[in-house]
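Residue numbers (our numbering): -6 to 141.
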């Protein structure tokens, strides 16, 4: 607390973007010290800035990392990720070609079918969210195809 005012806990946001084939847009993170999950395949994601709502933070992060501005729906919230941050997950769809996106962060963007995600190095909290959304019927593919 500062001056008797409780500060809101920091929180993260992540976007599960699928195409018409049900593939998930994954972001290969830079492999540099000091960033979360270096060298992992993750979702477009980031931390909210002070005063931002989850929707505002997700729109900003998605635009920063991909240049995309698409409609998103909040689907899931995890109490904590490995860094101790609450994470709010959104879903949306986009049928473009990730190879046409000029990256400002990370190494690569690519669509993967859900079964193919089991072969990628994915942060555990991302794998858990994908499994939960599959189980609720909000993502295509068979339940349990995403590894942990």
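Backbone N, C-alpha and C fix where the C-beta goes; we use that ideal spot for every residue, glycine too.
This structure is a prediction, so every number in the text was calculated from the model and none was measured.
May I have a chain-ordered list of the alpha helix (DSSP H) segments no shorter than 4 residues that lie completely inside the stretch 26 to 66?
-> Taken in chain order, the complete alpha helix (DSSP H) segments of 4 or more residues contained in the stretch 26 to 66 are 47 to 59.
Is the stretch 43 to 52 in contact with the stretch 20 to 31, if contact means three or more CB pairs nearer than 8 Å?
-> The answer is no - the stretch 20 to 31 does not touch the stretch 43 to 52, with fewer than three Cβ pairs under 8 Å.
Compare the beta carbon distance of residue 7 and residue 104 with 9 Å and say whether it is the shorter of the two.
-> No, Cβ-Cβ distance for residue 7 and residue 104 is not below 9 Å.
Considering only C-alpha positions, which residue in the set 49, 19 and 92 is nearest to residue 67?
-> In this structure, 49 is the residue among 49, 19 and 92 with its C-alpha nearest to the C-alpha of residue 67.
Among residues of its own chain, excluding the 5 on either side of residue 55, which ones have a beta-carbon nearer than 6 Å to its beta-carbon?
-> 8, 37 and 61.
Going by CA-CA distance only, name the one from 115, 71, 93 and 90 that's closest to residue 5.
-> Nearest option by C-alpha distance: 71.
What is the DSSP secondary structure of residue 100, reduced to helix, strand or coil?
-> The answer is coil: DSSP assigns residue 100 none of H, G, I, E or B.
With distances taken from CA atoms, which of 86, 98, 40 and 93 is nearest residue 57?
-> Selected option, being the one with the closest Cα: 98.
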